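Novice: Chains as they are written, first to last, in this note's numbering: chain Z, 8 to 392; chain D, -19 to 284.
Handing you this structure, nothing more for now.
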Amino acid sequence: MPERLLVTVVGNPGHRRITGFAAAAAAAGLPAPRLVAWRDVLSGAPLAFPPGPVRIDSPGEDPAVHALLGGTHADPHRVEGGSTRHAAFVAALGRIEAVAAASPGAWLANDPADIAVMFDKRRAHPLLESHDVPVPRALSGPAAPVRSYAELRQRMADARAPRVFVKPPHGSSASGVVALETHGTRVQATTSVELTRGADGVALFNSLRIRKYRDETEVAALVDALGADAGPGGLHVEAWLPKLTLDGHATDLRVLVVAGRATHVVARSSRSPMTNLHLGNARGDVPAVRAAVGEDAWARAMATCVRAAGCFPRTLHVGVDLLFAVDRRRHAVGEVNAFGDLLPGVLHRGRDTWGEQVHALVGGWRPYGSTGPAARDEDRVPCPT
Amino acid sequence: MTANHFQAFGGLPVEDVPGAGEPWPGTAELYAWRVRVLHDDETWSERFARFLDEVDGGAVRALLVGDWNAEYGDDSREAVAAIAAAADRLPNLAALFVGDIAYEECELSMIEHDDLTALPTAYPRLEELGVRGSWAWFAPYLRHTGLRTLTVEGCGLLDEMVRGIAAGDFPALTRVELWFGDHEHAVDAVTEVTELLRSHGLPALTHLGLRNCDRTDALAAALAVEPLTAQLRTIDLSMGTLSDAGAEALLSGQPLGHLESLDLTHHFLSTTMIKRVEAALPVGKLAKAEVDPKFEARFIEVRE
Chain Z
8 MPERLLVTVV
18 GNPGHRRITG
28 FAAAAAAAGL
38 PAPRLVAWRD
48 VLSGAPLAFP
58 PGPVRIDSPG
68 EDPAVHALLG
78 GTHADPHRVE
88 GGSTRHAAFV
98 AALGRIEAVA
108 AASPGAWLAN
118 DPADIAVMFD
128 KRRAHPLLES
138 HDVPVPRALS
148 GPAAPVRSYA
158 ELRQRMADAR
168 APRVFVKPPH
178 GSSASGVVAL
188 ETHGTRVQAT
198 TSVELTRGAD
208 GVALFNSLRI
218 RKYRDETEVA
228 ALVDALGADA
238 GPGGLHVEAW
248 LPKLTLDGHA
258 TDLRVLVVAG
268 RATHVVARSS
278 RSPMTNLHLG
288 NARGDVPAVR
298 AAVGEDAWAR
308 AMATCVRAAG
318 CFPRTLHVGV
328 DLLFAVDRRR
338 HAVGEVNAFG
348 DLLPGVLHRG
358 RDTWGEQVHA
368 LVGGWRPYGS
378 TGPAARDEDR
388 VPCPT
Chain D
-19 MTANHFQAFG
-9 GLPVEDVPGA
1 GEPWPGTAEL
11 YAWRVRVLHD
21 DETWSERFAR
31 FLDEVDGGAV
41 RALLVGDWNA
51 EYGDDSREAV
61 AAIAAAADRL
71 PNLAALFVGD
81 IAYEECELSM
91 IEHDDLTALP
101 TAYPRLEELG
111 VRGSWAWFAP
121 YLRHTGLRTL
131 TVEGCGLLDE
141 MVRGIAAGDF
151 PALTRVELWF
161 GDHEHAVDAV
171 TEVTELLRSH
181 GLPALTHLGL
191 RNCDRTDALA
201 AALAVEPLTA
211 QLRTIDLSMG
221 TLSDAGAEAL
231 LSGQPLGHLE
241 SLDLTHHFLS
251 TTMIKRVEAA
261 LPVGKLAKAE
271 VDPKFEARFI
281 EVRE
């Protein structure tokens, strides 16, 4: 273990993720992390990593990087193009892996294969399920792809699921997610997607405003456009698990798991089915959630988050979206996020999410299967606080 | 906003009837019991039957019908029939709510009911009855001497419901609260409010809530002229779409000096009208008008 660990970060220069991690490294007395820009990874610039951990951070929120990933739908407000961007992203992850392999002493703190799975809901869902992680019931799958509104309604009828979440396979931050409720001949879609019709046909835009579509023609156009963009594998569709509702707000948790421990927890509460904080939703009250479900259910849920993270054993941290059911007894994992550590101001034992990662790296964390010192065990507890 | 689960009901804290084999949180008299299922092995009716078998029914004072997996499109008929049939086992039931269901379980307008007449008929000692959802109604000429509070949180309130109350005989009923919603049927329900405000069967009524309505101005216009207004002490027009026209009707109609409070929360009044209303009516301090981010038409507060 070198005295002063030099961490390389692949990210977008100037982003608060980068400055946040750099501050945590400085606070721990580490040298300033070496930054490798995503745009250099994507543009094919010559790369090499110094010895030490290479931490892969999000390529998001950078218009130039989005354009390099983007292919035909480079407009960052467009929903479509997810499959194209995902393919470019996976190729870039492959490049990082190859550069790391060719850089003596460099090793990856986030596994490219793990990240690729986390960004493919069609693969992540069965992986979690196979590790006994409770997940909402999936209606789609290789044998029953959902590529259109007609296929969606057929699957909903077959599965007797009148309320579902429809998710683009590679979306993040609720982009393209549609909460669909059906009742007899009625249909209601709740989504942040804005559907527009122009000379070129239907176009979908991300917006910060939750919309409702009640006209079935519109809902069908929306789902058809999402389905066409998802490619032959289709959309990921899950039965709607009624979420814990506190004071009229649907509430779920983002649980950061670092080096196999649930560390930072944020509650997210919303009056709409989407709890994502960028959609105008508020951080909820974690102690209130904990009190509502009780210590036993809380501990089981935290154990579930750790088990979900264990599906990605070569990755230092993941952000688990944990849903408690409305009956307060059951829970399920909605998503596992590769870059789910942007939780500014949330502390665990005085450390923010980046400080926690630095702590684990300095403490000797290594990806599963690698040789090296084991992680220190000073604070192995199943649940935070 | 969306509909809330009850934390307390009938003066008691709410507890769920536990699943089969799970421990009971306490004895029957301590809680308002909610029977609900969520993709459970037990159906709603099975859980309710076990509730009757496992608790001292004589000690049950408050009961809530929670989610019966309403999302699948079944209305509350089965639950209503089961409760009506159990009247001899729940002799002291004073408070009953049908549809304690939050948006995450089922959208308000998709929670369906049918004729609820069997409930007040089977429970003559009932003091509080509430229902959340759509398509609920009472047969006309219903008489109930015990009922003190009646609440219908609808979205698409049926005109039959308003007519049923207007044509009934409820000598003890002091509080009525109706949510109208923004669906087509509520339009008819709004016009029926005139009948309600001319009813001879509500001699004890002192509180009337006409809430969450997409035509609050029409309700205000009716309140401004119809006779029942004179006996009310509190009126609640909150969560709706009151505009200057409705407020003007209240200001220029029959005297309202007898009112203790008039709740206009969630309104669309101009600043000038806010000042006039605050000066003339017991509305307290009004917040600014609601603003829709897209400058749409006025909107009701609970629209799921």
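Backbone N, C-alpha and C define an ideal beta-carbon position, used for all residues, glycine too.
Note that the structure is a prediction, hence the values are computed from the model and not measured.
With a CB to CB cut of under 6 Å and the five nearest residues on each side skipped, what residues in its chain are close to P9 (chain Z)?
Specialist: Numbered from its first residue, the first sequence carries residue 9 (chain Z) at position 2. Because P9 (chain Z) sits at a pLDDT of 49, beneath the cut-off of 50, its placement in the model cannot be relied upon, and the following sentence gives the value as read from the coordinates. So the list is empty, once near-sequence residues are dropped.
Novice: How is R5 (chain Z) classed by DSSP in three states: helix, strand or coil?
Specialist: Not covered by the structure: residue 5 (chain Z). The range shown for chain Z is 8 to 392.
Novice: Is the Cβ-Cβ distance between Y121 (chain D) and A146 (chain D) less than 8 Å?
Specialist: Taking the second sequence and counting its residues from 1, the one referred to as residue 121 (chain D) is at position 141. Taking the second sequence and counting its residues from 1, the one referred to as residue 146 (chain D) is at position 166. Contact: no.
Novice: Is the Cβ of G267 (chain Z) closer than 8 Å to any Cβ of chain D?
Specialist: Position 260 of the first sequence, counted from the start, is the residue given in the question as residue 267 (chain Z). Output row for G267 (chain Z): interface = no.
Novice: Let me know if D303 (chain Z) comes out buried or exposed under the rule of 16 or more other beta-carbons within 10 Å of its beta-carbon.
Specialist: Here residue 303 (chain Z) refers to the residue found at position 296 when the first sequence is read from its first residue. D303 (chain Z) is exposed by the Cβ-count criterion.
Novice: Measuring straight from C-alpha to C-alpha, what distance separates G362 (chain Z) and T214 (chain D)?
Specialist: Taking the first sequence and counting its residues from 1, the one referred to as residue 362 (chain Z) is at position 355. Taking the second sequence and counting its residues from 1, the one referred to as residue 214 (chain D) is at position 234. Whole-angstrom Cα-Cα distance: 56 Å.
Novice: Note the first and the last residue of the continuous beta strand (DSSP E) segment covering D80 (chain D).
Specialist: As a working mapping, residue 80 (chain D) is identified with position 100 in the second sequence. Note, D80 (chain D): beta strand (DSSP E), A75 to D80.
Novice: By the criterion of Cβ-Cβ separation under 9 Å, what are the contact partners of H246 (chain D) in chain Z?
Specialist: Numbered from its first residue, the second sequence carries residue 246 (chain D) at position 266. The premise fails here: H246 (chain D) is roughly 14 Å from chain Z at the closest Cβ pair, so nothing lies under 9 Å.
Novice: Contact defined as beta carbons within less than 8 Å: I believe A44 (chain Z) pairs with P20 (chain Z). What is the distance between those atoms, to the nearest angstrom?
Specialist: Taking the first sequence and counting its residues from 1, the one referred to as residue 44 (chain Z) is at position 37. Taking the first sequence and counting its residues from 1, the one referred to as residue 20 (chain Z) is at position 13. Right, the Cβ-Cβ distance comes to about 5 Å (below 8 Å), so this counts as a contact.
Novice: Can you tell me where the alpha helix (DSSP H) with I122 (chain Z) in it begins and where it stops?
Specialist: As a first step, residue 122 (chain Z) must be located in the first sequence, where it is residue number 115. Note, I122 (chain Z): alpha helix (DSSP H), P119 to M125.
Novice: Show which residues of chain Z have a CB atom less than 7 Å away from the CB atom of M90 (chain D).
Specialist: Position 110 of the second sequence, counting from 1, holds the residue named residue 90 (chain D). Near M90 (chain D) (Cβ distances below 7 Å), the residues of chain Z are E188 and H190.
Novice: Please list the terminal residues of the continuous beta strand (DSSP E) segment that includes V173 (chain Z).
Specialist: Within the first sequence, residue 173 (chain Z) is the residue found at index 166, counting from 1. R170 to K174 is the span of the beta strand (DSSP E), which, as asked, contains V173 (chain Z).
Novice: Go ahead and pull the three-state DSSP assignment for L286 (chain Z).
Specialist: Position 279 of the first sequence, counted from the first residue, corresponds to residue 286 (chain Z). It is helical.
Novice: Flag N296 (chain D) as yes if its beta-carbon sits less than 8 Å from any beta-carbon of chain Z, otherwise no.
Specialist: Since the first residue of chain D shown is -19 and the last is 284, residue 296 (chain D) is not available in this structure.
Novice: For G53 (chain D), which residues from the same chain have a beta carbon less than 7 Å from its beta carbon, with the 5 sequence-adjacent residues on both sides left out?
Specialist: As a first step, residue 53 (chain D) is located in the second sequence; it is residue number 73 there, counting from the start. Taken in chain order, the list of residues that qualify is empty.
Novice: Kindly indicate the opening and closing residues of the beta strand (DSSP E) around T189 (chain Z).
Specialist: Stepping through the first sequence from its first residue, residue 189 (chain Z) is reached at position 182. That run of the beta strand (DSSP E) goes V185 to H190.
Novice: Run through DSSP, which three-state label would P3 (chain D) get?
Specialist: Residue mapping note: residue 3 (chain D) aligns to position 23 of the second sequence, counting from 1. Here P3 (chain D) sits in coil by DSSP.
Novice: Could you list the residues in the stretch 161 to 173 of chain Z with a C-beta less than 8 Å from some C-beta on chain D, going in chain order?
Specialist: R167, P169 and R170
Novice: Considering G59 (chain Z), what are the terminal residues of the beta strand (DSSP E) in which it resides?
Specialist: Position 52 of the first sequence, counted from the start, is the residue given in the question as residue 59 (chain Z). That run of the beta strand (DSSP E) goes G59 to I63.
Novice: Please report how far the alpha carbon of V17 (chain Z) lies from the alpha carbon of I122 (chain Z), in whole angstroms.
Specialist: Taking the first residue of the first sequence as position 1, residue 17 (chain Z) is located at position 10. Taking the first residue of the first sequence as position 1, residue 122 (chain Z) is located at position 115. Taking the straight line from one Cα to the other gives about 13 Å.
Novice: Does the beta-carbon of D(-4) (chain D) have 16 or more other beta-carbons within 10 angstroms, so that it is buried, or is it exposed?
Specialist: As a position in the second sequence, residue -4 (chain D) is number 16, starting the count at 1. Under this definition D(-4) (chain D) is a buried residue.
Novice: Have a look at D165 (chain Z) and G240 (chain Z) and give me their C-alpha separation to the nearest angstrom.
Specialist: Numbered from 1 along the first sequence, position 158 holds the residue referred to as residue 165 (chain Z). Numbered from 1 along the first sequence, position 233 holds the residue referred to as residue 240 (chain Z). D165 (chain Z) and G240 (chain Z): Cα-Cα distance of roughly 19 Å.
Novice: Find the residues of chain D that neighbour P249 (chain Z), judging by a C-beta separation of less than 7 Å, and give them in chain order.
Specialist: Counting from 1 along the first sequence, the entry for residue 249 (chain Z) is found at position 242. Listed along chain D, the residues sitting closer than 7 Å to P249 (chain Z) by beta-carbon distance are L18, E84 and E85.
Novice: Return the chain-ordered list of same chain residues with a C-beta closer than 7 Å to the C-beta of L109 (chain D), the five sequence neighbours on each side being excluded.
Specialist: Against the second sequence, residue 109 (chain D) aligns to sequence position 129. Once the five neighbours on either side are set aside, the close Cβ partners of L109 (chain D) are L76, L99, P100, L127 and L130.
Novice: Is the beta carbon of A168 (chain Z) closer than 8 Å to that of L146 (chain Z)?
Specialist: Here residue 146 (chain Z) corresponds to residue number 139 of the first sequence, with the count starting at 1. Here residue 168 (chain Z) corresponds to residue number 161 of the first sequence, with the count starting at 1. When the beta-carbon positions are compared, L146 (chain Z) and A168 (chain Z) come within less than 8 Å of each other.
Novice: Could you name the residues of chain Z that E51 (chain D) contacts, counting a contact when the two beta carbons are closer than 7 Å?
Specialist: Numbered from its first residue, the second sequence carries residue 51 (chain D) at position 71. Against chain Z, the beta carbon of E51 (chain D) has neighbours under 7 Å at P169 and R170, listed in chain order.
Novice: With DSSP as the reference, label W115 (chain D) as helix, strand or coil.
Specialist: Residue 115 (chain D) sits at position 135 when you count from the first residue of the second sequence. The answer is coil: DSSP assigns W115 (chain D) none of H, G, I, E or B.
Novice: Taking the CB atoms as reference points, tell me whether L153 (chain D) and A198 (chain D) lie closer together than 8 Å.
Specialist: The residue you call residue 153 (chain D) lines up with position 173 of the second sequence. The residue you call residue 198 (chain D) lines up with position 218 of the second sequence. Contact annotation: L153 (chain D) and A198 (chain D) have beta-carbon atoms that are not nearer than 8 Å.
Novice: Do you know whose CA, among D:Y83, D:S114 and D:E85, lies nearest H93 (chain D)'s CA?
Specialist: If you number the second sequence from 1, residue 93 (chain D) lands on position 113. Ranking the options by Cα distance to H93 (chain D), first place goes to D:S114.
Novice: What's the C-alpha gap between A29 (chain Z) and V333 (chain Z)?
Specialist: Translated into the one-based positions of the first sequence, residue 29 (chain Z) becomes position 22. Translated into the one-based positions of the first sequence, residue 333 (chain Z) becomes position 326. The straight-line gap from Cα to Cα measures roughly 40 Å.
Novice: Roughly how far, in whole angstroms, is the beta-carbon of L350 (chain Z) from the beta-carbon of H271 (chain Z), given that I think they are within contact range, below 8 Å?
Specialist: Counting from one through the first sequence, the residue named residue 350 (chain Z) turns up at place 343. Counting from one through the first sequence, the residue named residue 271 (chain Z) turns up at place 264. About 5 Å; that satisfies the 8 Å criterion.
Novice: Looking only at C-alpha atoms, which of D:H247, D:L261 and D:L217 sits nearest to L236 (chain D)?
Specialist: The residue labelled residue 236 (chain D) in the question sits at position 256 within the second sequence. Among D:H247, D:L261 and D:L217, the Cα nearest to that of L236 (chain D) is on D:L261.
Novice: Are the C-beta of A257 (chain Z) and some C-beta of chain D separated by less than 8 Å?
Specialist: The residue you call residue 257 (chain Z) lines up with position 250 of the first sequence. Interface residue, yes.
Novice: Which residue's Cα is closest to the Cα of I63 (chain D): D:A42, D:N49 and D:I81?
Specialist: What you label residue 63 (chain D) is simply residue 83 of the second sequence in a count that begins at 1. Out of D:A42, D:N49 and D:I81, D:A42 has the C-alpha closest to the C-alpha of I63 (chain D).
Novice: Give a yes or no on contact between the stretch 91 to 109 of chain Z and the stretch 133 to 152 of chain Z, applying the rule of three or more CB pairs nearer than 8 Å.
Specialist: no
Novice: Short of 9 Å Cβ to Cβ, which residues in the stretch 326 to 345 of chain Z face chain D?
Specialist: A332, V333, D334, R335, R336 and R337
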